[in-house]
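Residue numbers (the numbering used here): 181 to 296.
For glycine and all other residues, C-beta sits at the position ideal for the given N, C-alpha and C.
The structure appears below as structure tokens.
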Amino acid sequence: MSVGGCVIRLYTAGPELHANSTHTCVGVRSVDVTSMGRLRVRYTAASDVVGLSAGADETLAGRGIQVGVDGTSSYATMTLYDTKLERRLNLSRTTDYRRAAGSSSNIWFGSVKAAS
Numbered sequence: 181m182s183v184g185g186c187v188i189r190l191y192t193a194g195p196e197l198h199a200n201s202t203h204t205c206v207g208v209r210s211v212d213v214t215s216m217g218r219l220r221v222r223y224t225a226a227s228d229v230v231g232l233s234a235g236a237d238e239t240l241a242g243r244g245i246q247v248g249v250d251g252t253s254s255y256a257t258m259t260l261y262d263t264k265l266e267r268r269l270n271l272s273r274t275t276d277y278r279r280a281a282g283s284s285s286n287i288w289f290g291s292v293k294a295a296s
């Protein structure tokens, strides 16, 4: 088994992997927004997925934003749902992305994968 994860920061200019002296990123190489408005995390190596998790931090939770995750052997996709608007956010739309973005807006992502 291999365990990986990272913090995804939703900066106003776009999502980034957040790593510093207290946060690290393991087994993840990039994050972007798909044409369908979801976050996509690409793994450093492809292998079968055992389990995935994604959670909104206190900033997003305070805004009523929830996160769901789905995955394949090479990437995971996250959907953000706004409980105040009662709909999925399309992060490829500027107005939707702004609802989640901020200097402390984070998603905690974790993965457990079969050893490759």
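Query                                                                                                                                                     : Result
Around the C-beta of Ala-280, are 16 or more other C-beta atoms found within 10 angstroms, so that it is buried, or is it exposed?                        : buried
Would you call the stretch 186 to 195 in contact with the stretch 281 to 288, where contact means no fewer than 3 C-beta pairs closer than 8 Å?           : yes
Would Pro-195 and Val-213 be called neighbours here (beta carbons separated by less than 8 Å)?                                                            : yes
Quick check for students: name the residue ranges of the beta strand (DSSP E) that lie wholly in the stretch 197 to 282, counting only runs of 3 or more. : 208 to 213, 219 to 223, 229 to 236, 245 to 251, 255 to 262, 267 to 269
Hey, Ser-253 and Ala-226 are a contact pair by Cβ (cut 8 Å); roughly how many whole angstroms apart?                                                      : 5 Å
Who are Ser-180's beta bridge partners in DSSP?                                                                                                           : Nothing in the structure corresponds to residue 180, since the chain is present only between 181 and 296.
Thinking C-beta only, is Thr-259 closer than 8 Å to Arg-218?                                                                                              : yes
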